[in-house]
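Novice: My questions all concern the structure below.
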Amino acid sequence: MGRLFGTDGVRGIANEKLTCELAMQIGRAAASVLSRHARRRPVFVIGMDTRLSGDMLEGALCAGLCSVGADVYRLGVVPTPAVAYLVGKYKADAGVMISASHNSAEYNGIKIFSGDGFKLPDEIEEQIESIVVDGAEGIEIKTGGDVGRASFKPNAVKDYVDHLKSTIPVSLEGMSFAVDCANGSAAHTAKRLFSELGADAHILFDEPDGVNINERCGSTHLEALSAYVSENRLPLGVAFDGDADRCLCVNADGDVVDGDFIMAICARDMLRRGKLARKTVVGTIMTNMGFTKFCEQNGINFIATKVGDRYVLEEMEMEGYCFGGEQSGHVIFRDFATTGDGQLTALQLLAHLKQENVTLAEAAKVMTRYPQTMINVTVSHDGKLAFYMDAEVKRAIEEGKARLADNGRVVARVSGTEPLIRVMVEGLDEALIQEVAEHIAGVIRERLA
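Following this note's numbering, the numbering of the sequence shown begins with -16 at its first residue and continues without gaps.
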C-alpha cells in the first residue's frame, strides 16, 4: 500500500508526519499482528540512534506496546544491526529501531524486525498499516496485571560488540585508521569495538548533540574524513551513517572506496576461502558495471535486484546465498548478520587487509570502476506517482539508452524514502554519460516537479 511503510520502514519529519500518536498506534498494531500466535506475553526490543526526537518516539512506542500487554526491553542508543542481532539473543518476538538512517536530524523513522532479526515482509507491514490507517480490526487494550512493562538492558552495547568481535579470526593490533561515526549510533559502539581489538583508531564525529547526526560527516559526506586521512597520513578511513548499517571507506590518498569495491575485495577473499555460497554475490540494478566485469573475470555469479538492502536479502534468503549488498555501503554478511552492518563490514575488510598485508588502495585494484553520474531530481508527490507513466520521461530515458548502446546504461527510479527521482547513468565516455543524465533529469524536472 505504501501509505506508511516505505522501502525502509516508516519515515518522516518527527512531530510532523511521524507523530507521537502515530508511533503509539504503530506500537499497538505491531504488537497485535506479531503476537497473534504467541502463547506468552509478547516481548519487544527497542533501539534508537542519536536524534533528539528518539526519546520522544521511544516513549510513545513503549506506551503503545505496553498498553496492549507487550513487555519492552529498551536498548538505548545502538546501531540498527544491533537491534536485528539482539532481538534473537534476548529471545524477543520483535525489534524496533527508531532512526532515519542517513537523513538529517529533523527526520526520524521506525523500522520493525521480526523475532528472527529480519525486516518485516511486505504483507506483515500491510497488516499493521491496515490497522493503523483503516482501523481494520479492533485492538484489545489491557488493564491491571495484563499491562506490559518496560525495562532497560544495560549490556546491549557490550553484547553487540562482543558479537562483532567474534566474527574475525585476528586482532587489529598494529593497524591505524580513522573512523567517522557520523555523530550517530556508532558513537556509542565504535571506540569500544576497535580499541578492544587492539587497533589505533582515530575516532571522529563521535560527539552527538541530538541535531548534528550526519551533518557534514558520515558515509554521505566523506570530505572531512578524506581530508583527515590525507593530512594525518593514515592508510585508510572508514565511515558509517547515522544508524551504522552502512560502511564506506577512503584510501590513503582520500579517494572513496564505495560499497562495490568493498564487495569485490571481500567476495574474492570469500571465494578463495571457500566461504562464498554458490559462488554468487547479490547486488542491485545500481551496482557499477565494473563490479559485474569483476565477477565475470573471477568466476563469480552476479544477481541484481531492485534497489534496497531488503530486496538483496530476500534474494539471498530465497536462493541460499551468503553475501550481497549495495554501492551505498549496505553490505550483508549472512553468516554473521540478518541485515547490512557497517561495523561488521569494516571488520571483515580490515581483517582481510591485515591477513594479506595489503593496503586498501592495493586491494581495491581488484575492480575497475566505470564512470558513473547520479542526479537527484526533487519532484512533487504526484510527480513520483506519474514517473513510470509519463510519455516524455519514458522517451528521454529510451533515447539516452540508445545513445549509450552497449557501452553504458541508464537507471532512473523513484526514491522509496524521499521526494526524489534518482537518475543514474554510467558508461565508458564520461562526457556522454553526464550529457545523457542531465537531459533526462531536465525532462523529469520539467514534467514532474
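Idealized CB from N, CA, C, for every residue including glycine.
#1: Report all residues from its chain with a CB closer than 7 angstroms to the CB of residue -16; omit the five preceding and five following residues, and keep chain order.
#2: How is the beta strand (DSSP E) around residue 314 delimited, first residue to last?
#3: In chain order, what residues of the same chain lie with their CB nearer than 7 angstroms to the CB of residue -12, ignoring the 5 residues before and after it?
#4: Helix, strand or coil for residue 23, going by three-state DSSP, please let me know.
#5: Per DSSP, residue 230 is paired with what?
#6: Classify residue 33 as helix, strand or coil using the three-state DSSP reduction.
#7: Does the beta carbon of residue 378 come closer than 8 angstroms to any beta carbon on chain C?
#8: Might you give, ordered along the chain, the residues of its own chain that have their beta carbon closer than 6 angstroms to the beta carbon of residue 322, omitting 5 neighbours on each side?
#9: So residue 95 packs on residue 57, CB below 8 angstroms; how close in whole Å?
#10: Taking the C-alpha atoms as reference points, what is the distance between residue 10 and residue 429?
#11: Quick one: grab the DSSP three-state call for residue 256.
#12: With distances taken from CA atoms, which of 101, 88, 44 is nearest residue 324?
#13: Could you check which residue in 379, 363, 415, 320 has the C-alpha nearest to that of residue 403?
#14: Within 10 Å of its beta-carbon, does residue 152 have 16 or more other beta-carbons around it, so buried, or fewer, so exposed?
#15: Which whole-angstrom value is the C-beta distance of residue 447 and residue 350, which I expect to be below 8 angstroms?
#16: What does the Cβ neighbour count give for residue 371, buried or exposed, with the cut at 16 atoms within 10 Å?
#17: To the nearest angstrom, how far is the alpha carbon of residue 82 from that of residue 354?
#18: Excluding the 5 residues preceding and the 5 following residue -1 in the sequence, name in chain order all residues of the same chain whose CB lies nearer than 8 angstroms to its CB.
#19: Helix, strand or coil: which one does DSSP assign to residue 272?
#20: Note down, in chain order, each residue of its chain lying with its Cβ closer than 8 angstroms to the Cβ of residue 202, except the 5 sequence neighbours on either side.
#21: With distances taken Cα to Cα, identify the nearest neighbour of residue 192 among 15, 42, 60, 344.
#22: Quick check on the DSSP output: the alpha helix (DSSP H) that includes residue 380 runs from which residue to which?
#23: Roughly how many whole angstroms lie between the Cα atoms of residue 347 and residue 247?
#24: Short of 8 angstroms in beta carbon distance, which residues of its chain neighbour residue 178, apart from the five on each side in sequence? Order them along the chain.
#25: Let me know if residue 7 comes out buried or exposed under the rule of 16 or more other beta-carbons within 10 Å of its beta-carbon.
#26: What does the Cβ neighbour count give for residue 243, buried or exposed, with the cut at 16 atoms within 10 Å?
#27: What are the boundary residues of the alpha helix (DSSP H) that residue 175 is part of?
#28: Span of the alpha helix (DSSP H) holding residue 113?
#29: In angstroms, rounded to a whole number, what distance separates the CA positions of residue 249 and residue 140?
#30: Just confirm the distance between the C-beta atoms of residue 26 and residue -9, as a whole number of angstroms; I'd bet it's less than 8 angstroms.
#31: DSSP three-state label for residue 56, please.
#32: Using DSSP bridges, identify the partner residues of residue -3.
#33: Who pairs with residue 418 in a beta bridge, going by DSSP?
#34: Which residues bound the alpha helix (DSSP H) around residue 139?
#35: Which residues bound the alpha helix (DSSP H) around residue 311?
Specialist: Result, derived from the coordinates:
#1: Bear in mind that the predicted position of residue -16 carries a pLDDT of just 39, short of 50, making it unreliable; the figure below should be weighed with that in mind. The residues are 109, 112.
#2: 314 to 316
#3: 108, 112
#4: coil
#5: 223
#6: coil
#7: The displayed structure is made up of one protein chain only, and chain C is not part of it.
#8: 64, 67
#9: Not confirmed; about 16 angstroms, so no contact.
#10: 41 angstroms
#11: coil
#12: 101
#13: 363
#14: So residue 152 counts as exposed.
#15: Limits of the chain in this structure are -16 at one end and 432 at the other, which puts residue 447 out of reach.
#16: exposed
#17: Taking the straight line joining both Cα atoms gives about 32 angstroms.
#18: Within the same chain, residue -1 has no close Cβ partners at all.
#19: helix
#20: 85, 163, 165, 222, 223, 224, 229, 230, 231, 311, 312, 325
#21: For residue 192, the nearest C-alpha among the options comes from 60.
#22: 374 to 387
#23: Roughly 8 angstroms between the two C-alpha positions.
#24: Counting only Cβ-Cβ distances below 8 angstroms, and skipping sequence neighbours, we find 184.
#25: Residue 7 comes out buried.
#26: buried
#27: 173 to 179
#28: 105 to 117
#29: C-alpha separation (whole angstroms): 26 angstroms.
#30: Going by Cβ atoms, the distance from residue 26 to residue -9 rounds to 24 angstroms, so no, they are not a contact pair.
#31: DSSP places residue 56 in strand when its eight states are reduced to three.
#32: 1
#33: DSSP lists no partner for residue 418.
#34: 139 to 148
#35: It is not in any alpha helix (DSSP H) - residue 311 carries neither H nor E in the DSSP assignment.
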